[in-house]
Amino acid sequence: MKDDKPVGVVIGKHWPHPHLNYHPGSDVGWISLLLVSKEFQGQGVGTALLKKAETALGDLGTKTIHLGRDVQHFFPGIPSEYEAVKQWFEKRGYQKGDTPFDMIQSVYELPAHNTDPSLEIRRGRYGEEEGIVQFLSEVFPGRWEYEARSRFVRGVSAEDYIVINEGGLIEGFCKINRPTDIVIGSNVYWSGLFHDKTVGGIGPLGISREVRKNGLGLALVRKAMEELQKDGVDQILIDWTTLDEFYGKLGFTRWKHYTHMSK
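Mapped onto the working numbering, the consecutive letters of the sequence shown carry residue numbers 1063 to 1325.
Encoded structure:
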């Protein structure tokens, strides 16, 4: 604080809900955000904030701290353009890991794609929230299930999902996001960089093994793109992936890159 005004902030996370299906481990913690005002950088403020967060996480039993990639994260790692930031964390004991990336595409480039006519790929409907959660708990238990439950509690509806329906059962899902949503998805956090466009996001997505077959994933993403276009979106982002070959089939290209770092 300086004259009763904040000059920096750090957000540390430690999983508090051991009773839920998703639990990353009591010895894992995250630094979700570390930000210092420009005029106070280089004065030890960031170091003091980081130490404060590390101590607090350590007191909770944390043995490994990740930078970003936390539940409902801001960033999946250190953005590649911040090389000095990576060096700063390296000096404080953090080591580099994988390098995921975001991808970008215009919704007005939609290649044709055919799929099994017996499967209905459509937007979710009010009242299907529990069906989505049930699908996730059975097929993708863990983080995705927890985040869906959390969104629905806060007012998100099934209309923010694209689903694969077979005989009344949900067999696949894809989350779509816009900056105006009740809960803003991580893949539209960079929307402020696009002053002349409306940005939307796609992901995560998953399909049950029972109906998983060649091309169905692409059809699901394509339907998500179509629905975002109907919502007035003209720029789509996909965050935190390494599947450039898969998404590249629908015109997506690599955009921002990140570096995982842990201590």
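From the three backbone atoms N, C-alpha and C, an ideal C-beta is built for every residue, glycine too.
State the Cα-Cα distance for the pair Pro-1162 and Pro-1266, rounded to the nearest angstrom.
14 Å
N- and C-terminal bounds of the alpha helix (DSSP H) containing Gly-1310
1306 to 1310
Look up Trp-1317 in the DSSP assignment and say whether it is helix, strand or coil.
strand
With 16 as the cutoff for other CB atoms within 10 Å, does Ala-1110 come out buried or exposed?
exposed
Own chain partners of Gly-1123 with C-beta closer than 7 Å, once the 5 adjacent residues on each side are dropped:
Ser-1088, Asp-1089
With H, G and I counted as helix, E and B as strand and the rest as coil, what does DSSP make of Gln-1291?
helix
Straight-line Cα distance separating Thr-1242 from Gln-1326
Given a span of 1063 to 1325 for the chain in the structure shown, any question on residue 1326 remains unanswerable.
Please say whether Glu-1272 and Glu-1209 have beta carbons closer to each other than 8 Å?
no
Please give me, in chain order, every unbroken run of the beta strand (DSSP E) with length at least 3 that falls completely inside the segment 1076 to 1150.
1090 to 1098, 1126 to 1129
How many Å lie between Trp-1317 and Gly-1230 at the Cα?
38 Å
Does the distance from the C-beta atom of Tyr-1156 to that of Met-1323 stay below 8 Å?
yes
Quick one: measure Cβ to Cβ for Tyr-1320 and Ile-1140, integer angstroms, because I've assumed they're closer than 8 Å.
Taking C-beta atoms under 8 Å as the contact rule, Tyr-1320 and Ile-1140 qualify, at a distance of about 6 Å.
For Gly-1263, the three-state DSSP class (helix, strand or coil):
strand
Buried/exposed call for Ile-1244, threshold 16 Cβ in 10 Å:
Residue environment for Ile-1244: exposed (fewer than 16 other C-beta atoms within 10 angstroms of its C-beta).
Coil, strand or helix - Ser-1212 by DSSP:
helix
Spatial neighbours of Cys-1236 in its chain, beta-carbon cut-off 6 Å, leaving aside the 5 residues before and after:
Ile-1224, Leu-1267, Leu-1282, Ala-1286
Can you give me the Cβ contacts of Ile-1127 inside the same chain, cut-off strictly under 7 Å, excluding the 5 residues immediately before and after it?
Gly-1091, Trp-1092, Ile-1093, Glu-1116, Leu-1119, Ser-1324, Lys-1325
Is the CB-CB distance between Val-1295 and Gly-1262 below 8 Å?
yes
Which residue's Cα is closest to the Cα of Val-1169: Arg-1131, Glu-1101, Lys-1259, Pro-1078?
Residue Lys-1259 is the option with its Cα nearest to Val-1169.
Whole angstroms is fine: what's the gap from Arg-1131's alpha carbon to Arg-1154's?
Roughly 19 Å separates the two Cα atoms.
Please state whether DSSP places Phe-1197 in a helix, a strand or coil.
When DSSP states are grouped into helix, strand and coil, Phe-1197 belongs to the helix group.
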